[in-house]
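Heads up, the sequence shown is in this note's numbering, so the first residue is 25 and it goes up one at a time.
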Amino acid sequence: MTDIYQKLAEDHRETSKMLEQLNNIAESDPGRRDALFPKVKEELLAHARAEDATFYNALRQHSESKGDAQHAMQEHSEVENLLLELTHLDRSTPEWASKLRELKQSVESHVDEGENQIFPEAQGILDDQQANEIGESFTQEKAQRPQH
25 MTDIYQKLAE
35 DHRETSKMLE
45 QLNNIAESDP
55 GRRDALFPKV
65 KEELLAHARA
75 EDATFYNALR
85 QHSESKGDAQ
95 HAMQEHSEVE
105 NLLLELTHLD
115 RSTPEWASKL
125 RELKQSVESH
135 VDEGENQIFP
145 EAQGILDDQQ
155 ANEIGESFTQ
165 EKAQRPQH
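Here it is, written out as structure tokens:
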């Protein structure tokens with residue numbers, strides 16, 4: 025059984041890799057951007073919503089982690105807003121590339137904060153069984169999320 029920390033770290037690596045690939049596509053190739061962006065968007069939304077519903081929801085139940093969990097959920101809302109903005113911009117423009125860099129930076133900051141601050145805090149709150157159960161719930165929740 026894989027715990028929530030391993031599942032989230034794996035997802036973080038995958039989304040970071042996808043964002044890096046998208047960021048490296050030249051403005052002169054909007055067709056490749058058009059092909060990859062929906063996949064990145066779908067992955068980020070599914071991850072954020074499943075993480076909110078399982079991991080951060082569990083952490084909000086504890087006074088010592090409630091604030092960090094709510095902050096992380098707010099960061100997910102900001103990512104969703106950036107994705108919405110990117111959806112409506114022309115992918116061949118410098119504005120789109122700039123907004124993508126902003127998204128990438130936001131995701132990287134969230135991942136860094138999560139893995140270096142929230143994970144250690146959560147490991148002091150959740151026992152191994154809870155971490156495993158939340159990991160399973162995360163996988164199920166992510167698979168059930170509607171696609172946008």
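Note that the Cβ used here is the ideal one computed from N, Cα and C, for glycine as well. Note that the structure is a prediction, hence the values are computed from the model and not measured.
Boundaries (first-last residue) of the alpha helix (DSSP H) holding L60: What you label residue 60 is simply residue 36 of the sequence shown in a count that begins at 1. Its alpha helix (DSSP H) spans residues P54 to E75.
Contacts around I149, its chain only, beta-carbon distance under 8 Å, and the 5 residues preceding and following it disregarded: Against the sequence shown, residue 149 aligns to sequence position 125. Closer than 8 Å at the Cβ level, and outside the excluded window around I149, lie L83, H86, E88 and S89.
Hey, which unbroken runs of the alpha helix (DSSP H) at 4 residues or more fall wholly within the stretch 69 to 124? 87 to 112
Quick one: grab the DSSP three-state call for N156. For this step, residue 156 is matched to residue 132 along the sequence shown. Note: N156 maps to helix in three-state DSSP.
Assigned secondary structure, I149 (DSSP; H/G/I helix, E/B strand, else coil): Here residue 149 refers to the residue found at position 125 when the sequence shown is read from its first residue. Three-state DSSP puts I149 in coil, outside helix and strand.
Beta-carbon spacing of E67, T26 below 8 Å: In the sequence shown, residue 67 corresponds to position 43, counting from 1. In the sequence shown, residue 26 corresponds to position 2, counting from 1. In this structure, T26 does not lie closer than 8 Å to E67 by Cβ.
In whole angstroms, what is the alpha-carbon distance linking G138 and N156? By one-based count along the sequence shown, residue 138 stands at place 114. By one-based count along the sequence shown, residue 156 stands at place 132. Pairing G138 with N156, the inter-Cα distance amounts to about 18 Å.
From Q98 to Q45, what distance separates their C-alpha atoms? Taking the sequence shown and counting its residues from 1, one reaches residue 98 at position 74. Taking the sequence shown and counting its residues from 1, one reaches residue 45 at position 21. Each residue's alpha carbon lies about 26 Å from the other.
Give me, in chain order, the residues of the same chain whose beta-carbon lies closer than 7 Å to that of Q153; leave out the 5 immediate sequence neighbours on both sides. Sequence index remark: in the sequence shown, residue 153 carries index 129 (1-based). If we look at Q153 and ignore the five residues flanking it on each side, it has no Cβ neighbours.
Leaving aside the five residues before and after L127 along the sequence, list all residues of the same chain whose C-beta is less than 6 Å from its C-beta, in chain order. Counting from one through the sequence shown, the residue named residue 127 turns up at place 103. Excluding residues within five positions, the ones whose Cβ falls inside 6 Å are L106.
What's the C-alpha gap between I28 and F79? To locate residue 28, count along the sequence shown from 1; it is residue 4. To locate residue 79, count along the sequence shown from 1; it is residue 55. Rounded to the nearest angstrom, the two C-alpha atoms are 7 Å apart.
What first and last residue would you give for the alpha helix (DSSP H) that runs through A174? Because the chain in this structure spans residues 25 to 172, residue 174 falls outside the shown range and cannot be described.
Going straight from the alpha carbon of D114 to that of K166, what length do you get? To locate residue 114, count along the sequence shown from 1; it is residue 90. To locate residue 166, count along the sequence shown from 1; it is residue 142. If I take the Cα positions, the gap works out to 29 Å.
Leaving out five residues on either side along the sequence, give the residues of the same chain with a beta carbon under 7 Å from the beta carbon of T163. For the purposes of this step, residue 163 is taken as residue 139 along the sequence shown, with counting starting at 1. The answer, listed in chain order, is K31.
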